Each structure stands twice: as C-alpha cells, then as structure tokens.
Amino acid sequence: MAKKDIVLIGAGYAGVHAAKKLAKKFKKDDDVTITLIDRHSYHTMMTELHEVAAHRVEPDAIQFDLRRLFNRTKVNLVTDNVTHVDHDKKMVITETGEFNFDYLILGMGGEPNDFGTPGVKEHGFTLWSWEDAVKMREQIETMVYRAANEADEKTRRAMLTFTVCGSGFTGIELAGELLEWKDRLAKDHKLDPEEITIYVIEAAPTILNMLERRDADKAEHYLQKHGVRILKDSPIVEVRENEIVLQSGEIIPTYTLAWTAGVKANTDTESFDLEQARAGRLKVNKYMQSEEHKNVYVVGDLAYFEEEPGKPTPQIVEAAEQTGTTAAKNIIAEMTGGEKVGYEGKYHGVMVSIGARYGVADLMGLHLSGWFANLMKHIVNLYYFFGIGSGYYMFKYVEHEFFHTKDKRNIFRDFFTRYGNVIWSIPLRIFVGGFWIAEAGSKLWGKTKWDEATSSFSKVGELFKGLGEDSWLVSDTLNINFGWLQDATSAASDAGASSEWAEPILSEMPFWFEWIMKIFVPTQELALFAQKAMVFVELAIGLALIAGLFAWLASAASAAFLVMFTLTAMLGWDKIWALPASIALLNGSGRTFGLDYWVIPFIQTKLSKFWYGEPKSIYSDHKK
C-alpha cells in the first residue's frame with residue numbers, strides 16, 4: 001500500500017473515537033500516518049461542564065490530556081488553530097504549519113447559537129468549553145462575593161439572581177448544580193440561602209423536550225419543589241448588562257445569564273468549501289462522507305445526515321462516537337479494499353442529572369428517576385473511558401466524582417469522600433502499629449525475654465543483650481502459634497507417614513485453612529521458614545503504620561493477618577479489636593503526619609511519566 005496521510009481536526013468525542021480506531025487498525029503499518037490537530041492539548045468531557053461551572057468538581061476533572069489518551073499509539077498530536085483547508089492541494093493549513101492529507105476527518109464540533117438575540121455576546125455566559133465553565137464559575141463566585149458586601153438591596157438582589165436560558169440537557173443540569181451549590185455559597189459569604197434566586201427561562205411551552213413528558217415533569221417538579229423558578233413561553237428578546245428583557249415585556253434584573261439555548265456548527269468551517277445545512281452543519285452521505293470531496297469525512301455535531309427525512313443525527317455524545325467510528329471504518333475500507341458501511345444510529349436513551357443526587361433517565365423504555373438515574377449516568381461515563389481505552393481517566397473519574405466532592409455532592413453523599421479529617425486517625429494508626437511491633441518483638445527476642453524487658457522502663461536494656469532461647473529466629477522447633485504443626489509432625493512420625501505429616505491437626509482446622517496449609521506449608525522445613533518470615537512481616541507492618549508509609553497496604557495486610565490468625569486460633573480473640581481498627585485505617589491515614597504525604601504523590605508522578613509520557617500544553621509531533 002502506498003503511503004497515506006490521515007489528518008483529523010478536532011479532539012472531541014467523535015475525533016477521539018475515530019483516531020483511536022484508526023490507530024488500532026494501522027498500528028503496525030509504517031506507511032500510514034495519523035495526525036490529530038486541536039487548538040487545545042486536551043480533550044474536554046463536554047457533558048460534565050456544568051459540574052465545573054457550579055463547583056462540584058475541579059476544572060481538571062473534565063480535562064483529559066491528549067498525551068495520556070494517545071501515548072503509545074502512532075497518533076501524532078498537534079496543538080494549533082486550523083485556518084484553511086486546501087482541497088486541491090490536499091493540505092490543512094494552521095497558524096504555524098501545513099499538513100498534507102489523503103483523508104481528512106472534520107470533527108470540530110459546534111458552538112453556542114444566540115439566534116441573533118441582542119446583547120448575548122456582550123453580556124451572556126455560554127457553557128460550551130472548558131474555558132466557558134471556568135469563566136462562569138468565577139462569575140458566580142464574584143457575584144456572590146460582591147453581593148455580600150453590597151448595601152443597596154435592589155443591586156444585591158440582582159447580583160444574587162442567576163438565570164439559565166434554555167431547558168435542554170445543559171440548562172437543566174446547570175440549574176440543578178447551582179441549586180446544590182447555593183447553600184455552600186451562602187454559608188461561605190455569610191448570606192441567607194433564600195437570598196439566592198435561580199431562574200430557568202424557556203421559549204417553548206415545555207422543558208426537557210427530548211424526554212417523555214412523564215420524565216420531564218418529574219424533573220420540573222423536583223426543581224420547583226427546591227425553589228427554582230421556571231418561566232415557560234418566555235423568549236428572551238434582549239440581554240442587557242444587568243438585566244434581561246422577555247418577550248412579554250417583563251424585565252428580570254440579573255448580573256449572570258447562562259445562555260444554553262442552542263447550538264450551531266463551528267463557524268471556522270464556513271470557509272472549508274463544503275455544503276452547509278441547518279445551523280451551519282456540513283452535509284454528508286450515509287458514510288459520513290462529503291459529497292463534494294470524497295476524501296473528506298465529517299463527524300460529530302458538525303455532521304448533517306438525515307437518518308429519516310427531516311430528522312438529522314442528534315447532537316449527542318452517542319451520535320458523535322458512532323459517526324466517528326463510522327468515518328474511521330469507511331476510511332479503513334477504502335484503504336484496504338473492504339466494503340463501506342452506512343451509518344445506523346443506535347441510541348440507548350437519554351439521562352439528565354439535576355445535581356449530584358437526583359436525575360431522570362429513559363434507557364430504551366426503562367424510566368428511572370432519583371438515585372438510580374444518576375448511578376446509570378456514572379456507569380455510562382465509566383463505559384466511555386473503557387471505549388477509548390483509558391483506565392487512567394476511568395480511575396480519575398471515580399476519584400473526582402466519589403472521593404473528592406464536598407457538601408454531599410455525589411450519589412453516596414459524604415460516605416466515600418476523602419475530605420474527612422484523617423488527622424484524627426493518627427493515634428489509632430500509631431497504636432495499631434505498636435500492637436504489631438509488640439507481637440513481632442515477642443517473637444524476635446522470645447516471649448520470656450520480651451515480657452521481662454518490657455515489664456519496666458529500667459529493664460529495656462535487656463533487649464540489647466541478645467536474643468532469648470525461645471526466639472523464633474534461633475529456635476529449631478515450631479513455637480506456640482505454630483504448635484499444631486509440631487504436634488502434627490510428631491503424630492505423623494510416630495505413624496511412619498512422612499508425606500501426610502500434618503493430617504491429624506489439619507483435620508481440626510477450618511476447611512479453607514486446611515486447604516491453604518496443605519498447598520503452602522507441606523513440610524516442617526517450610527513451616528519453620530514461614531515462622532521466621534512472620535517476625536519480619538509483623539515488624540514491617542508495625543513500622544509502616546507508625547511511619548505512615550504505604551499505610552493503606554499495611555492496614556490491609558494487618559486486617560488480613562488478623563482474620564487468618566484469629567480464625568485459626570493462632571491469635572487470641574482478645575486481640576480482635578485490632579481488626580476494625582485496621583479497617584478504619586484504610587482511609588488514607590498515612591497522608592497526615594506520615595511519609596505517604598510525600599511518597600505516594602512521588603510514585604504516582606514517576607509511574608505516570610513512565611507510562612504516559614510528559615504532558616505538555618502544546619504538541620507538535622508531526623514529522624515534516
């Protein structure tokens with residue numbers, strides 16, 4: 001096959017899926033180059049922008065570095081702005097370079113549509129990018145801060161009025177997040193939460209029109225029950241600096257308008273010489289292929305293909321992923337002589353989260369609301385990471401959504417949050433560590449010498465005079481905790497059965513422990529080795545807990561050994577208190593006044609750099 005260059009523009013949902021599929025197919029083909037160009041060095045999880053805008057998660061929670069997504073693949077990453085596409089020369093021109101292509105995939109997505117409403121660009125806030133989300137969050141925090149210091153009641157009320165224009169996915173999800181953030185904003189600035197007002201303003205007579213009415217009505221009832229004011233049949237005709245004007249003539253004083261009313265195609269594509277359809281989207285055939293230029297494919301929100309007359313592909317994540325995959329499959333078919341496949345949208349439903357703890361969903365006829373709806377949304381998001389092959393960001397998603405939230409803003413409330421005060425677990429950590437050091441000490445020096453040396457402070461020096469005769473390290477016989485093995489050896493020896501030496505005592509052990517012992521400790525020699533090794537294992541657990549080094553692993557080992565020792569009568573039931581104590585220490589206890597504060601981040605950084613490479617703000621992998 002002759003050398004082929006594939007260029008993708010846009011690292012959104014569609015572009016990432018297409019690039020992943022192409023990279024997998026041509027992984028070992030040196031004649032194929034794949035270049036992904038985006039104006040950012042990261043991929044944004046667009047469906048979670050509202051969480052950043054309303055401070056449920058931090059901005060980096062929805063920003064996925066492209067190096068982490070495409071390291072160890074053949075995809076060349078280029079951070080740049082595309083200025084022109086020359087179809088005759090088959091060249092993509094950017095602000096800093098030129099890139100030849102045999103096949104081109106356009107996945108530049110959409111942008112907010114203000115429908116020509118006066119003042120939206122000047123005074124409104126959109127929610128269509130990572131930067132938009134951060135800007136909106138800063139605006140909300142600034143307004144509340146200013147309002148807390150504003151003496152004029154009218155001005156203060158306007159500053160604390162937050163309006164959302166549009167009742168689609170983005171608008172309703174943003175309103176739900178603002179609703180949950182309201183109490184924290186008020187508390188931090190010493191305000192009454194009732195002073196903060198949230199509006200949802202919709203031009204249509206109903207909200208959430210992509211849902212069945214019974215689901216949409218549940219969402220509407222939930223919002224209104226919690227104080228959100230919903231205005232329907234109320235188009236906004238003008239946006240001013242500190243107020244908005246409705247078609248009815250009503251004026252709502254507000255300093256913050258979130259405009260989520262519509263989307264249109266990315267206007268950067270207007271000069272690309274491709275036929276446009278409704279809202280500037282680019283027309284394609286069923287193969288996601290441009291009719292004017294057969295080597296150009298269009299995917300995601302940018303593509304306009306009517307699955308049924310008058311019904312184009314929806315601008316949702318599932319459609320973006322599927323159009324991206326379809327385009328990649330057809331480019332592969334062209335290059336390998338295979339058969340092209342037409343686009344067939346397979347949509348599994350819609351889900352809308354209204355804050356972290358409530359949502360509504362329609363999953364192929366299965367209607368969910370409340371906790372289960374939001375749980376399904378999390379599962380779908382986790383499946384997305386599985387689809388793009390990113391275990392790292394799957395883990396980070398769980399971390400951000402379930403462990404790093406505050407104010408009960410996740411489906412498990414605060415039960416799994418890591419923002420508890422682990423400082424209070426330090427005494428327990430040291431106490432459990434001391435328990436294991438005492439257990440190890442009695443075995444290391446021997447119980448007789450250990451008991452004598454620890455009976456008073458004046459006798460501690462005895463520990464520096466050598467090991468006792470019953471030390472596990474110098475003894476050639478099995479000690480009390482392994483006494484059953486010694487008895488078993490004698491019994492087997494008397495019977496002349498060397499291969500079944502442990503059977504008499506094993507028969508008295510729990511079945512699971514008997515099975516384990518037969519496999520791992522089949523001889524007395526191995527039992528003696530295990531006995532001596534146990535001294536150092538217990539000592540390591542104790543020292544690790546006291547130092548706060550790998551405290552999670554040490555605590556897990558502590559709990560496991562306690563279960564085993566107690567159930568096999570190797571440790572008295574009076575020591576069982578250490579089991580729940582060890583489980584309690586699985587809370588990241590080593591991160592406070594412990595070595596884990598430095599060691600764990602260091603290891604994470606080194607391993608991340610080794611596996612994923614060095615993330616940068618700008619990429620220029622393309623070989624010229």
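If you use the UniProt record's numbering, the sequence shown closes out at 624, no skipped numbers anywhere.
Where a beta carbon is used, it is the ideal one built from N, C-alpha and C, also for glycine.
Just so you know, these numbers come straight off a predicted model, no measurement behind them.
Contacting residues, own chain, Cβ-Cβ under 6 Å from residue i (five flanking each side not counted)
i       : result
Met-45  : Ile-62
Ala-203 : Pro-235
Gly-446 : Gly-468, Asp-470 and Ser-471
Ala-14  : Gly-107, Val-299, Gly-300, Ala-320, Thr-323 and Gly-324
Phe-435 : Ala-578
Tyr-597 : Arg-591
Gly-171 : Val-164 and Thr-260
Asp-621 : Asn-76 and Leu-77
Close beta carbons around residue i, own chain, < 7 Å, minus the five adjacent residues each side
i       : result
Gly-483 : At Gly-483, the pLDDT of 41 sits below 50, so the modelled position is not reliable; the number obtained from the coordinates is stated separately. Cβ within range, chain order: n/a, list empty.
Leu-595 : Ala-547, Gly-548 and Leu-549
Tyr-397 : Asn-381, Leu-382 and Phe-385
Thr-47  : Val-317
Ala-219 : Ile-172, Leu-208, Val-352, Ile-354 and Val-360
Phe-403 : Phe-416, Thr-417 and Arg-418
Met-376 : Met-351, Ala-361, Leu-363 and Leu-368
Ala-333 : Glu-339 and Lys-340
Residues that DSSP places opposite residue i in a beta bridge
i           : result
Ser-129     : Answer is none; Ser-129 lacks a bridge partner.
Trp-436     : Answer is none; Trp-436 lacks a bridge partner.
Asp-86      : Met-91
His-43      : Phe-64
Phe-99      : Val-92
residue 625 : Here the chain has residues from 1 to 624 only, and residue 625 is not among them.
Gln-276     : Leu-282
Asp-38      : Thr-79
Arg-229     : Tyr-199
Trp-259     : Thr-126 and Cys-165
Tyr-397     : BP columns for Tyr-397 are empty, so no partner.
Thr-33      : Asp-5
Interface flag, residue i vs chain C, CB-CB below 8 Å
i       : result
Tyr-304 : Given the protein chain composition of this structure (a single chain), no chain C is represented.
Residue i vs residue j beta-carbon contact at 8 Å
i           : j       : result
Ala-356     : Glu-243 : no
Leu-545     : Gly-433 : yes
Tyr-255     : Ala-158 : yes
Thr-155     : Thr-197 : no
Lys-20      : Ile-388 : yes
Lys-443     : Val-535 : yes
Thr-326     : Ala-258 : no
Leu-49      : Leu-127 : yes
Gly-280     : Ala-265 : yes
Gln-315     : Val-263 : yes
Asp-335     : Lys-4   : The sequence given here places Met at residue 335; Asp does not occur at that position. For Met-335 and Lys-4, yes; Cβs fall inside 8 Å.
Tyr-619     : Ser-41  : yes
Ile-230     : Ile-207 : yes
Arg-429     : Ser-617 : no
residue 687 : Val-239 : Absent from the structure is residue 687, since the part of the chain shown begins at 1 and ends at 624.
Glu-401     : Asn-410 : yes
Leu-8       : Ala-23  : no
Ala-559     : Ile-583 : yes
Beta-carbon contacts of residue i that lie in its chain and below 8 Å, excluding the five residues immediately before and after
i       : result
Asn-71  : Trp-611, Tyr-612 and Gly-613
Asn-285 : Glu-291 and Phe-305
Arg-278 : Tyr-304 and Pro-312
Leu-246 : Ile-201, Leu-231, Ser-234, Pro-235, Ile-236, Val-237 and Ile-252
Phe-125 : Asp-132, Lys-135, Met-136, Gln-139, Thr-256, Leu-257, Ala-258 and Trp-259
Ala-495 : Confidence at Ala-495 is low in this model, with a pLDDT of 45, below 50, so the placement of that residue is unreliable and no value is reported for it.
Ile-576 : Leu-562 and Thr-566
Asn-330 : Tyr-287, Met-288, Gln-289, Tyr-297, Lys-340 and Val-341
Glu-182 : The question names Glu, yet the displayed sequence has Lys at residue 182. Closer than 8 Å at Cβ, skipping near neighbours: Pro-193, Ile-196 and Ile-198.
> How do the region 51–66 and the region 142–150 stand: do at least 3 beta-carbon pairs fall below 8 Å, yes or no?
Replying inline: no
Exercise. Return the chain-ordered ranges of every beta strand (DSSP E) run that is complete within the region 142–217 and spans a minimum of 3 residues.
Key: 161–165 and 197–201
### Residue ranges of each alpha helix (DSSP H) within the region 330–393, 4 or longer
371–387
Check whether the region 566–584 and the region 528–539 touch, using three or more Cβ-Cβ pairs below 8 Å as the test. no
Any 3 or more C-beta pairs closer than 8 Å across the region 362–381 and the region 328–345: no
Can you check the region 48–81 for any beta strand (DSSP E) of at least 3 residues that lies completely inside it and give the ranges in chain order? 63–65 and 75–79
Give a yes or no on contact between the region 269–279 and the region 115–132, applying the rule of three or more CB pairs nearer than 8 Å. no
Practice item. Could you tell me whether the region 590–604 touches the region 445–459, using the rule of 3 or more Cβ pairs below 8 Å? Key: no
Is it the case that the region 103–116 contacts the region 297–305, given that we only count it when at least three CB pairs across the two stretches are under 8 Å?
yes
Pairs of beta-carbons, one from the region 85–94 and one from the region 51–61, closer than 8 Å: are there three or more? no
Going residue by residue through the region 531–602, where are the continuous beta strand (DSSP E) segments of at least 3 residues, counting only ones entirely within it? none
ask   = With a cut-off of 8 Å, do at least 3 Cβ pairs link the region 69–83 to the region 36–45?
value = yes
Taking three-plus beta-carbon pairs below 8 Å as touching, is the region 218–230 in contact with the region 172–179? yes
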